[in-house]
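Residue numbers (our numbering): 361 to 419.
Glycine is no exception: its CB is placed at the ideal position from the N, C-alpha and C atoms.
This report concerns only the one structure given below.
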């Protein structure tokens, strides 16, 4: 499952993506299935992009 921002082209803040990551781990109970792992990996990529964007905007 792709995060909403990756399918719609919208940009979420790093904080918002981080909340989705935390929620995923809570739902999974600390152990990710293969599908959850794929979702997690996409969220981490999105989070990293958001962090880079925040740094560029701050500069």
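DSSP places residue 413 in the helix class (H, G or I) of the three-state scheme. Take the alpha-carbon of residue 412 and the one of residue 373: they are about 11 Å apart.
When the five nearest sequence neighbours on each side are left out, the beta carbons in the same chain lying within less than 7 Å of the beta carbon of residue 377 are those of 403, 406, 407 and 410, in order along the chain.
In the three-state reduction of the DSSP assignment, residue 403 falls in the helix class.
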